[in-house]
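J.: One point on numbering: in the working numbering, the residue at position 92 of the sequence shown is 92, and numbering is uninterrupted.
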Amino acid sequence: MRLSKWVPEDGDTFVTQDGFIFNVFGYEHPENRVFAFLKYIPARFKSLFQIDYLEKSWMYKGKEVFRAEKLYTAQNYQSFLKTFQTVFPSYVYYCPFREKKIISCPISSIAKVYVPNESVNKLTHSTRKDGLQKSAQELIELLSKKSHISIADLGLHGSIALGMHTAKSDIDIVVYGAHNFRKLEATIGNLAKEGTLSYSARNRIEAARQFKGRYKGRVFMYNAIRKPSEIKSRYGLFKFSPVSKTEVECRVIDDSEAMFRPAIYRIADCRSDTKTSGVLKGKTPEFVVSMIGCYRNVARKGDRIHVSGMIERVENLETRSIFHQIVVGTGLSEDEHIWPV
1 MRLSKWVPED
11 GDTFVTQDGF
21 IFNVFGYEHP
31 ENRVFAFLKY
41 IPARFKSLFQ
51 IDYLEKSWMY
61 KGKEVFRAEK
71 LYTAQNYQSF
81 LKTFQTVFPS
91 YVYYCPFREK
101 KIISCPISSI
111 AKVYVPNESV
121 NKLTHSTRKD
131 GLQKSAQELI
141 ELLSKKSHIS
151 IADLGLHGSI
161 ALGMHTAKSD
171 IDIVVYGAHN
181 FRKLEATIGN
191 LAKEGTLSYS
201 ARNRIEAARQ
211 FKGRYKGRVF
221 MYNAIRKPSE
231 IKSRYGLFKF
241 SPVSKTEVEC
251 RVIDDSEAMF
261 RPAIYRIADC
271 RSDTKTSGVL
281 KGKTPEFVVS
291 MIGCYRNVAR
301 KGDRIHVSGM
311 IERVENLETR
321 SIFHQIVVGT
331 GLSEDEHIWP
341 V
């Protein structure tokens, strides 16, 4: 996609002129900038980042890149931030609405963009496909047919989309729209019952999400991206102020935005432990918002969840209305989580 026409959305991937590969985070971005998280680091910059790396490496357009052993930890985020501030300061942006520095890439530094639904289109029209690419196309076409979701509303990202996959890489599928996500979720459940594919989970969070499985021996996963009509906010509309750490148990009363990133759960009936009960007084949270992708879709309406995170005061700068929410994934603590009860 041409940069001049690109509107950054969660799930898009871009490569910078320095060779860093980022995934776009969320849907609200400063003018001429993109909030994103770092996924792959060029070999020539590997020693600059004080993190633990996976032993394996990838090749992107003939150049070796590496990935952190754990992508989404607070410690790694702070390490990325520190290195960028010191060596690549243009990748760091002070957000006045959060009053902190955040990793954010200038659009002028981006060399190439990969958009999931365009990647599916490219795969479909490719005349030279390897075994994994053929399996990816077959699975996407199967899911489209069984769910009655248009191929145009399905996407592909990850290493296949970037052309840097190996024979053992995952098939990373996305679906556009909350309604389509629920249709795809139900379809995959039916196909699992039939034995056409199977679920796979390494822990209770993955088991709750049921977003990962195997199809003909290939590992696949699926996630959701908002359609333009589902993007309800814009950068600069809200001001976010941290209040205090908290730990609560609450009930989910609306899961209609739980499949996206950030994942949003409307909640009620919050019960805090004795250590943090005073924090909630006069600041009853209306939402739990997860910045960490693994906590998407871990609970449905009516479920109870245990949450550890940061209470934020949120002010609408146009209406001056105020509400509170609990944020999971502030980048400051490893203890933040959402666990199904």
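Glycine included, every Cβ here is placed at the ideal spot set by N, Cα and C.
If you're wondering where the values come from, they're calculated on a predicted model, not measured in any experiment.
Which partner residues of residue 174 appear in the DSSP bridge assignment?
T.: Looking at the DSSP assignment, residue 174 forms a beta bridge with 155, 223.
J.: Give the range of the alpha helix (DSSP H) segment to which residue 139 is assigned.
T.: Counting along the chain, the alpha helix (DSSP H) containing residue 139 begins and ends at 131-147.
J.: For residue 162, count neighbouring Cβ atoms within 10 angstroms of its own Cβ and tell me buried if that reaches 16, exposed if not.
T.: Classification of residue 162: buried, given that the 10 Å Cβ count is 16 or more.
J.: Within the continuous beta strand (DSSP E) that includes residue 287, where are the two ends?
T.: Element bounds for residue 287: 287-290.
J.: Considering only DSSP beta bridges, list what residue 263 is partnered with.
T.: DSSP lists 290 as partners of residue 263.
J.: Judging by CA-CA distance, which residue of 264, 309, 184 is the nearest neighbour of residue 246?
T.: Answer by Cα proximity: 309.
J.: Does the Cβ of residue 291 have 16 or more other Cβ atoms within 10 Å, making it buried, or fewer, making it exposed?
T.: Buried, because 16 or more other Cβ atoms sit within 10 Å of the Cβ of residue 291.
J.: For residue 223 and residue 60, what's the separation of their Cα atoms in angstroms?
T.: Approximately 24 Å, taken between the alpha carbons.
J.: Rounded to whole angstroms, what's the CA-CA distance from residue 233 to residue 28? Just pull it up for me.
T.: Roughly 7 Å separates the two Cα atoms.
J.: Is DSSP giving residue 309 helix, strand or coil here?
T.: DSSP places residue 309 in strand when its eight states are reduced to three.
J.: Should the region 89-97 be called in touch with the region 129-142, which here means at least 3 C-beta pairs below 8 Å?
T.: Contact fails: fewer than three Cβ-Cβ distances are below 8 Å.
J.: Taking residue 212 as part of the alpha helix (DSSP H), name the residues at either end of that continuous run.
T.: Not the alpha helix (DSSP H): residue 212 falls in the beta strand (DSSP E), residues 212-215.
J.: Where does the unbroken beta strand (DSSP E) through residue 15 begin, and where does it stop?
T.: Note, residue 15: beta strand (DSSP E), 13-16.
J.: Compare the Cα-Cα distances from residue 57 to each of 40, 240, 25, 126 and report the closest residue.
T.: Comparing Cα-Cα distances from residue 57 to each of 40, 240, 25, 126, the minimum goes to 40.
J.: Counting Cβ pairs closer than 8 Å, one from the region 189-197 and one from the region 150-159, do we hit at least three?
T.: At 8 Å Cβ cutoff, the stretches do not touch.
J.: If you compare alpha carbons, which of 147, 165, 173, 18 is closest to residue 186?
T.: Of 147, 165, 173, 18, the residue nearest in Cα terms is 147.
J.: Alpha carbons only, please: which of 48, 77, 104 is nearest the one belonging to residue 35?
T.: It is 104 whose Cα lies nearest to the Cα of residue 35.
J.: Figure out for me which residue from 183, 216, 254 has the closest Cα to the Cα of residue 263.
T.: Considering only alpha carbons, the answer is 254.
J.: To the nearest angstrom, how far is it from the Cα of residue 116 to the Cα of residue 150?
T.: Taking the straight line from one Cα to the other gives about 14 Å.
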